[in-house]
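Here is the structure we will look at, set down as structure tokens.
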Amino acid sequence: MKENPAIQFAPAEEIKRYQEARLAEALAYLQAHSPFYQRMFEREQVDPACIRTLEDLRQLPVTTKTDLQQYNSDFVCTPRAGIADYVTTSGTLGEPVTFALTDADLDRLAYNEKLSFATAGCNSSDVLQLMTTLDRRFMAGLAYFLGARALGMGVVRVGNGIPELQWDTLRRIEPTCGMVVPSFLIKLIEFAEKNNLDHRRSSLRRCICIGESLRNSDFSLNTLGQRIADKWPELELLSTYASTEMQSSFTECPAHRGGHLQPELIIVEFLDDNNQPVAPGEPGEVTITTLGVTGMPLLRFKTGDICYHHTERCACGRHTMRLSPVLGRKGQMIKYKGTTLYPPALFDILDNVPGLSNYLIEVSTNELGTDEILIRIGSQRCDEAFAKEIKDLFRSKVRVAPGIRFEAPETIARQQMPPMSRKIIKFFDLR
0 MKENPAIQFA PAEEIKRYQE ARLAEALAYL QAHSPFYQRM FEREQVDPAC
50 IRTLEDLRQL PVTTKTDLQQ YNSDFVCTPR AGIADYVTTS GTLGEPVTFA
100 LTDADLDRLA YNEKLSFATA GCNSSDVLQL MTTLDRRFMA GLAYFLGARA
150 LGMGVVRVGN GIPELQWDTL RRIEPTCGMV VPSFLIKLIE FAEKNNLDHR
200 RSSLRRCICI GESLRNSDFS LNTLGQRIAD KWPELELLST YASTEMQSSF
250 TECPAHRGGH LQPELIIVEF LDDNNQPVAP GEPGEVTITT LGVTGMPLLR
300 FKTGDICYHH TERCACGRHT MRLSPVLGRK GQMIKYKGTT LYPPALFDIL
350 DNVPGLSNYL IEVSTNELGT DEILIRIGSQ RCDEAFAKEI KDLFRSKVRV
400 APGIRFEAPE TIARQQMPPM SRKIIKFFDL R
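If you're matching positions, the sequence shown starts at 0 in numbering that gives the first Met the number 0 and goes up one per residue.
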């Protein structure tokens with residue numbers, strides 16, 4: 000792994016030249032070791048040595064999740080004896096995909112998260128409370144642990160859930176930073192309030208949040224982020240965005256203006272439906288080319304995530320491209336009564352409803368062949384007036400009102416966390 004942390008502060012032109020040099024190395028590696036990309040280069044009659052600039056990448060076809068699912072083993076670039084760790088994707092948009100990592104890839108993961116923690120403002124004097132799992136074939140939990148150690152932070156591996164254990168850890172060890180799904184912070188606050196714990200005076204001063212958006216596309220706090228901030232104003236909230244496929248992350252700095260690209264680890268494009276680049280200020284599908292990955296490197300992989308990107312210099316001094324919160328997943332786009340919606344917009348509305356314990360969103364196809372939305376709500380209150388209140392809130396925010404069905408919160412909770420899942424599921428696509 001070629002470490003070059005200073006490159007993120009270099010001028011944009013220097014970052015581009017650096018990435019193009021690394022791209023040449025990545026393409027040569029794929030041509031020598033990847034069965035999938037060897038076939039692709041031959042089929043497209045492209046000499047990888049002729050791809051010299053980031054713009055030249057457009058001469059190559061994109062790689063999709065379907066490719067990974069159908070030809071999974073053909074992406075592996077190393078003999079089985081060279082594989083150090085196996086993980087799988089979460090399978091949000093289909094069958095999970097297996098990823099094989101070498102020792103060098105694990106070192107790269109550690110370096111990636113070291114940079115991410117440093118970007119968020121952490122240093123070796125911090126102690127990290129890790130509120131995510133390290134097992135269940137989950138890449139990210141291991142990455143956080145390795146990155147924290149690379150930065151010199153202490154780590155407490157608490158895992159997910161169990162508010163009582165989390166608070167006991169805060170009392171005993173006094174960690175300063177948390178790695179957590181943001182909606183779990185609401186549960187920690189509720190537990191503290193019920194048990195007369197003063198959460199605002201705890202040692203925790205910063206949380207790096209995964210899996211759920213904290214901010215709107217203009218970087219203001221969304222409903223979930225604002226609920227946490229109102230209850231715990233002393234706690235700084237920072238977002239990080241990553242995926243198993245990219246084996247790297249985009250993390251906010253304390254300026255809170257988007258997740259920073261790490262130029263030595265990944266090249267990113269933002270593409271429209273025709274695989275053409277979009278301009279800053281236009282939504283595009285995040286499309287990545289990994290740098291320095293040796294086990295399963297990817298070339299022009301379309302993640303399915305729709306984001307904005309920003310190229311102006313950040314207040315923190317970095318010149319790297321910054322990523323907006325995820326607007327939604329391309330495969331989860333909903334066309335409902337003439338309105339285009341993504342699940343995060345629906346989550347933001349439901350997270351703001353008092354008296355709602357939990358919820359599931361189901362999207363199906365009706366008899367007319369169009370999308371139908373059903374919101375299954377866990378609540379002690381289940382009267383028509385409450386249903387109308389929720390529908391009116393949807394109309395005021397997104398102009399359309401979905402179907403509402405009340406159920407016991409315990410029923411919803413069981414379906415949100417099926418046995419094989421590593422994260423809470425709030426959206427079911429039945430189309």
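All residues carry an ideal CB built from backbone N, CA and C; glycine is no exception.
DSSP-derived helix/strand/coil call for residue i
i	result
D84	strand
M152	coil
Q68	helix
Y307	coil
T118	helix
D55	helix
V397	helix
Y335	strand
E263	coil
L22	helix
Y17	helix
E268	strand
M178	strand
P279	coil
E251	strand
T97	strand
K422	coil
G257	coil
L429	coil
R328	strand
Residue i and residue j closer than 9 Å at C-beta
i	j	result
L322	V267	yes
P282	L326	yes
I50	L67	no
P231	I161	The question names Pro, yet the displayed sequence has Trp at residue 231. Contact: no.
H259	M320	yes
E371	Y335	yes
L108	Q331	no
S378	L392	no
D204	H255	For the record, residue 204 in the displayed sequence is Arg; it is not Asp. No, they are not a contact pair.
M295	A83	no
E24	L349	no
E361	R375	yes
S182	I14	no
P342	P324	no
D271	E284	yes
R421	F405	no
V86	M39	no
E163	F144	no
Terminal residues of the beta strand (DSSP E) in which residue i lies
i	result
Y240	E235 to S242
S350	According to the sequence provided, residue 350 is Asp. The question's Ser does not apply to it. Segment: none, D350 is in no beta strand (DSSP E) and carries neither H nor E.
L289	Looking at the sequence itself, residue 289 is Thr, so the reference to Leu does not match. Note, T289: beta strand (DSSP E), G283 to T289.
V8	The amino acid occupying residue 8 in the given sequence is Phe; Val does not appear at that position. That residue, F8, is in no beta strand (DSSP E); it is neither H nor E in DSSP.
E406	G402 to E406
R375	D370 to G377
Y358	N357 to T364
Alpha helix (DSSP H) segment containing residue i, residue limits
i	result
L169	P162 to I172
F74	First-last for F74: undefined, no H or E at that position.
P436	An answer regarding residue 436 cannot be provided, because it is not within the stretch 0 to 430 covered by the chain.
Touching by the beta-carbon criterion (3+ pairs, under 8 Å), the region 193-213 and the region 230-240: Yes, since at least three Cβ pairs between the region 193-213 and the region 230-240 fall closer than 8 Å, the two stretches touch.
Segment contact, 8 Å Cβ cut-off, at least three pairs: the region 127-139 with the region 257-267: Contact between the region 127-139 and the region 257-267 is absent, because fewer than three Cβ pairs lie under 8 Å.
Contact between the region 151-171 and the region 94-108 (3+ Cβ pairs under 8 Å): Too few Cβ pairs lie closer than 8 Å, so no.
Uninterrupted alpha helix (DSSP H) stretches inside the region 182-232 (no shorter than 4 residues): The region 182-232 contains these whole alpha helix (DSSP H) runs: 222-230.
Given 8 Å, three or more beta-carbon pairs between the region 77-91 and the region 304-324: Contact fails: fewer than three Cβ-Cβ distances are below 8 Å.
Contact the region 103-116 vs the region 239-254: 3+ CB pairs below 8 Å: As far as the Cβ criterion goes, the region 103-116 touches the region 239-254, which means the pair count is three or higher.
Completely contained alpha helix (DSSP H) runs for the region 118-144, where each covers 4 or more residues: The qualifying runs do not exist here; there are none.
Touching by the beta-carbon criterion (3+ pairs, under 8 Å), the region 299-313 and the region 138-157: Too few Cβ pairs lie closer than 8 Å, so no.
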